[in-house]
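Before any comments, here is the structure.
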Amino acid sequence: MSNIVIVSGSPAKVSRASSLANYIGGLLNNHGHQVEHIKVRDLPAEDLLHAKFDSPKIVEAVNLIVNADAVVVVSPVYKASYTGILKTFFDLLPEKSLAKKPILPIFNGGTTAHLLALEYALKPLFSVLGATEIINGVFVGDAQVSYSEEGVVFNDSELENRLRSNTNDLVQAVIKHSNAIVSVK
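Using numbering that gives the first Met the number 0, read the sequence shown as starting at 0 and increasing by one per residue.
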């Protein structure tokens, strides 16, 4: 069983991003993986803003990332990029903390005009943190999903299939990576 961390960069308690994060978590649980959620909005704001690396909550969240076998990052697009709160959290991660882990980025936004934010905003950030295996990201347009505290409802079956497929690609990458580690020992 692998440990996969889902980071939600939404500042809102109930949002498309948080609903998508929960949906992906359910898919991964169904594959038999242990899933941990980091909701950046629940981390102490002062600790994030003042870069308190020694804050117990920050240390706990950072350790989840460092010890993960894979990471899923879900964020709304604000002003053509990921949220500021997500960036403040990623600024606290150690160098190379995403090395040797598959990463699945998922963005949601109002229109497909934000589609390229996956490529020009998130991927460079992941690369700086050592990621070398970035699964094809998924952009979710606001009209493609409805959400509530109960979860996400897909208005587009093709999108749901793409999310399932890319999540499966992440699972396969985790399996491949764990087999590579076993064969090296």
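No residue lacks a Cβ here, since even glycine has one placed at the ideal position from N, Cα and C.
Shown here for residue 142: same chain residues with a beta carbon closer than 7 Å to its own, the five before and five after excluded, namely 154 in chain order. From the listed residues 109, 53 and 44, the smallest Cα separation to residue 86 is found for 44. The DSSP assignment places complete beta strand (DSSP E) segments of no fewer than 3 residues inside the segment 75 to 129 at 101 to 108, in order along the chain. For residue 35, the uninterrupted beta strand (DSSP E) run begins and ends at 33 to 38, by DSSP.
In this structure, residue 106 sits away from residue 145, with a CB-CB distance that is not shorter than 8 Å. Burial is judged here by how many other beta carbons sit within 10 angstroms of a residue's own beta carbon; residue 163 has fewer than 16 and is exposed. By a beta-carbon distance limit of 8 Å, residue 88 does not contact residue 48. Their separation comes to about 11 Å. For residue 61, the enclosing alpha helix (DSSP H) stretches over residues 55 to 65. Apart from the 5 residues on each side of it in sequence, residue 135 sits with its Cβ closer than 8 Å to the Cβ of 165 and 168 in its chain, given in chain order. Note on geometry: alpha-carbon atoms of residue 170 and residue 5 lie some 13 Å from one another. Just so you know, the alpha carbons of residue 83 and residue 175 end up roughly 33 Å apart.
Beta-bridge annotation (DSSP): residue 140 is paired with 108.
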